[in-house]
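Step one of this worksheet: look at the structure below.
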Amino acid sequence: MTLPNIFLAIGVALLLVPTMIQVATVSWSTEQGGHGPLVLVTGIWLLWRELSTSKPELRPGKLLPGLAMLAPPMAIFVLARITGVLEVEAFAMYAVLIVAVYILFGSAALRAVWFPLIYLAFTLPPPDTVVAAVTQPIKIAISEGAVNLLRAVGYPVAGSGVTIQIGQYQLLVAAACAGLNSIVTLSALCLLYVYLRHRSNFTAFLVVALAAIPVAMFANFVRVIVLVLVTYHLGEAAAQGFVHDFAGLLMFGVALLTIFAIDQLATPLYTRVSKKTVS
């Protein structure tokens, strides 16, 4: 490794460590980012696994084009660091890391670890504006669906936006209940699962990725129904704390098992598509 590359590696490490410490402190301690440590550990293991298995020819990439690609994310990183926008800073750091891998180890190494690098992006917190834009329509849809279903079976329930009124109780469907946390975590785990099981089968990736979002949304819809019913029959205190968290954990487990079942049922489809592609 040349002296400029050594300096580049040290510089990337100096950027990466403080930002990741801040991500761990701010994001991973919340429900939205609780999957971060698991993704980081499994992502590092995947990096080691792919490099040791494929043994790519490590030849540094072209320095000048690499530095040209490095300039925009570095500028964004510095600006985000100054203004304190952690989400933008984290994704800019991620872009810097990818370019640095190319400069230090070359395009062969980048091709070998393409999936671990994509997978590691799930450790980073999504911007709040994206979270708000995505979760608001989902929250409204889940609220309206829950109200319509419960009203159809005779419960005294009404709704307005993300607020559900049942009997004397009023509940608010929060972002967590909209399923974004489940969608992100489920997508990460499903991608890891399908990559390890089917490797580079694009059809399998597509089926699992498309299934993860509706399955997570339906699981959280059931979660909201359960919590509303618990609140109505047992009181507001019963639906908080352990019951609330347990319902979320149970629904996530059911969603994960559903994805595994869908993948198992779709295996003949993968086989047929692969045979047609080969022929």
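In our numbering, the protein residues as written are 33 to 311. Idealized CB from N, CA, C, for every residue including glycine. What you are looking at is a predicted structure, and each value in this text was computed from that prediction instead of being measured.
Neighbourhood of residue i by C-beta, 6 angstroms cutoff - its chain only, sequence neighbours within 5 removed
| i | result |
| --- | --- |
| residue 264 | 198, 199 |
| residue 55 | 122 |
| residue 142 | 133, 134 |
Distance CB(residue i)-CB(residue j) smaller than 7 angstroms
| i | j | result |
| --- | --- | --- |
| residue 105 | residue 132 | no |
| residue 226 | residue 237 | yes |
| residue 44 | residue 155 | no |
| residue 112 | residue 103 | no |
| residue 66 | residue 157 | no |
| residue 194 | residue 251 | no |
| residue 241 | residue 291 | no |
| residue 279 | residue 256 | no |
| residue 270 | residue 260 | no |
| residue 218 | residue 173 | no |
| residue 298 | residue 205 | no |
| residue 144 | residue 84 | no |
Residue i classed as buried or exposed, judged by whether at least 16 other C-beta atoms fall within 10 angstroms
| i | result |
| --- | --- |
| residue 146 | exposed |
| residue 295 | buried |
| residue 89 | exposed |
| residue 171 | buried |
| residue 61 | exposed |
| residue 59 | buried |
| residue 215 | buried |
| residue 268 | exposed |
| residue 8 | Outside the modelled stretch of the chain, which goes from 33 to 311, sits residue 8, for which no answer is possible. |
| residue 68 | buried |
| residue 51 | buried |
| residue 274 | exposed |
| residue 186 | exposed |
| residue 301 | exposed |
| residue 182 | buried |
| residue 109 | buried |
| residue 203 | buried |
| residue 39 | exposed |
| residue 228 | exposed |
| residue 266 | exposed |
| residue 35 | exposed |
Residues near residue i by beta carbon distance below 7 angstroms, same chain, minus five either side
| i | result |
| --- | --- |
| residue 148 | 75, 78, 79, 82 |
| residue 94 | none |
| residue 188 | 198, 199 |
| residue 221 | 288 |
| residue 98 | 131, 134, 135 |
| residue 224 | 74, 151 |
| residue 201 | 263, 264, 268 |
Bridge-paired residues (DSSP) for residue i
| i | result |
| --- | --- |
| residue 189 | 198 |
| residue 203 | 196 |
Residues of its chain near residue i, where Cβ-Cβ distance is below 8 angstroms and the 5 sequence neighbours each way are ignored
| i | result |
| --- | --- |
| residue 91 | 137, 138, 140 |
| residue 191 | 175, 176, 178, 179, 197 |
| residue 160 | 119 |
**OP:** List in chain order: all unbroken alpha helix (DSSP H) runs of 4+ residues lying wholly within the segment 225 to 286.
**Re:** List check, alpha helix (DSSP H) in window: 234 to 266.
**OP:** Go through the segment 106 to 184 residue by residue and report every complete run of the alpha helix (DSSP H) that reaches 4 residues or more, in order.
**Re:** Whole alpha helix (DSSP H) segments, 4+ residues: 118 to 137, 139 to 144, 146 to 152, 160 to 184.
**OP:** Quick one: which unbroken alpha helix (DSSP H) runs of 4-plus residues sit fully inside the segment 35 to 65? Chain order, please.
**Re:** Restricted to the segment 35 to 65, the alpha helix (DSSP H) segments that are unbroken, complete and at least 4 residues in length are 35 to 58, listed in chain order.
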